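Numbering (the numbering used here), first residue to last: 573 to 941.
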């Protein structure tokens, strides 16, 4: 039953979309629209949205990882990346804190508005294009290909440097709508437009980033566990940056409707994407082990939801911001170890890896093929 934990090529190919993926997208659309008109308690809103995003992102990641060679653009996190991430993240966070303290909020938000108007268009298009084409059955429409040499400063042009576009008429419409949403958010800063962009960034992040191995996943989560605790409990930095920067780097949950400005609770995208890429890896491990019931994945999803519940409960009890990873990291790692011990598969899980030999030896990781 067990298979060698060596590479993504060992995983059984996906022959159809995961069951329930269409319903999950429908539920997500509902949770983006309904709360604009019907009040949903922010705690319940959070406990529905975050696990739903992780479920969709994980399924999308599984499909992406099993595409034909040359089609996938997934980035693999190496051991070196996992060790450096908390350090680079801390440097970036503290830099943003200095900027928030020294520069007028109006200037910061104007710059971020321009940036996210561009990035939001790309991110929202990447998220919405495939589901929209599938929903309307337009995958077989005539497609157009274009190559754009955008590195104008280079004298010698290379095909590797070109931006290759492959699209149909529906993709054009989706991109126009994505741009309209991004520009509208940049102008209005409406909470539900923020959430549309945050949802796209979350799912694309889980989908396009994969962990090199189980051990690397544990290293990354452990490093960010202490990172989150220090910057939330040890300083005012994390909270100051989250409140000082008005950008779609968080999902917002309204505390009331019909008032201006709308008061909101928030959950940072990192608290969705970081555990999400670990949970997506456990879904791939289920596929690697040929486990159709996906026990590791669903144990992770339950543990993630319980970790969020603990975060919300402690936050409500003490009426103060909480580092969500303080509860999510032990929940996710603990659930994976518990399932592996119960199934007698601890060795297979700990040695599970998708890294190529050169990457495992410490060289720069390459895009997954």
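Ideal Cβ placement from N, Cα and C applies to all residues, glycine included.
It should be emphasised that the depicted structure is a prediction, and the values quoted were computed from it without experimental measurement.
Buried or exposed: residue 888, going by 16 or more other Cβ atoms within 10 Å of its Cβ?
Working through the chain shown from its first residue, we reach residue 888 at position 316. Exposed: under 16 other Cβ atoms inside 10 Å.
For residue 920 and chain C, any beta-carbon pair shorter than 8 Å?
Within the model displayed, chain C is absent; a lone protein chain is all it includes.
Per the contact definition of three or more C-beta pairs closer than 8 Å, is the segment 712 to 722 in contact with the segment 772 to 780?
no
Which same chain residues, not among the five before or five after residue 801, have their C-beta less than 6 Å away from its C-beta?
Taking the chain shown and counting its residues from 1, the one referred to as residue 801 is at position 229. Excluding sequence neighbours, residue 801 sits near 895 and 898.
So, do the segment 754 to 773 and the segment 596 to 607 have three or more beta carbon pairs nearer to each other than 8 Å?
yes
Identity of the residues DSSP links to residue 822 by a beta bridge
Position 250 of the chain shown, counting from 1, holds the residue named residue 822. According to DSSP, residue 822 bridges with 840.
Less than 7 Å between C-beta atoms, sequence neighbours within five positions excluded: which residues of the same chain meet that for residue 743?
Counting from one through the chain shown, the residue named residue 743 turns up at place 171. Counting only Cβ-Cβ distances below 7 Å, and skipping sequence neighbours, we find 701.
If I follow the unbroken beta strand (DSSP E) through residue 719, where does it start and stop?
For the purposes of this step, residue 719 is identified with residue 147 of the chain shown, where counting begins at 1. Element bounds for residue 719: 716 to 720.
DSSP three-state call for residue 708: helix, strand or coil?
Along the chain shown, read from residue 1 onward, the residue named residue 708 stands at position 136. DSSP places residue 708 in helix when its eight states are reduced to three.
Given 8 Å, three or more beta-carbon pairs between the segment 778 to 786 and the segment 630 to 637
yes
Going by C-alpha to C-alpha distance, which of 763, 843 and 814 sits closest to residue 829?
Here residue 829 refers to the residue found at position 257 when the chain shown is read from its first residue. It is 763 whose Cα lies nearest to the Cα of residue 829.
Which of helix, strand or coil DSSP assigns to residue 781
Residue mapping note: residue 781 aligns to position 209 of the chain shown, counting from 1. Strand at residue 781.
What does the alpha-carbon distance come out to for the pair residue 806 and residue 876?
Taking the chain shown and counting its residues from 1, one reaches residue 806 at position 234. Taking the chain shown and counting its residues from 1, one reaches residue 876 at position 304. When rounded, the distance between both Cα atoms is 24 Å.
Run the CB neighbour count on residue 782, radius 10 Å, all protein chains shown included, and call it buried at 16 or more, exposed below.
By 1-based counting over the chain shown, the position of residue 782 is 210. Looking at its Cβ environment, which holds 16 or more other Cβ atoms inside 10 Å, residue 782 is buried.
Pair within 8 Å by beta-carbon distance, residue 809 and residue 684:
Here residue 809 corresponds to residue number 237 of the chain shown, with the count starting at 1. Here residue 684 corresponds to residue number 112 of the chain shown, with the count starting at 1. The answer is no: Cβ separation not under 8 Å.
Hey, how far is the Cα of residue 893 from the Cα of residue 835?
On the chain shown, residue 893 is found 321 positions in, with the first residue counted as 1. On the chain shown, residue 835 is found 263 positions in, with the first residue counted as 1. When rounded, the distance between both Cα atoms is 15 Å.
Just the C-alpha distance for residue 620 and residue 726, rounded to the nearest angstrom, thanks.
Locating residue 620 in the chain shown gives position 48, counting from the first residue. Locating residue 726 in the chain shown gives position 154, counting from the first residue. Near 49 Å, if we compare the C-alpha coordinates of residue 726 and residue 620.
Return helix, strand or coil for residue 925, following the three-state DSSP convention.
Working through the chain shown from its first residue, we reach residue 925 at position 353. In the structure shown, residue 925 sits in a strand (DSSP, three-state: E or B).
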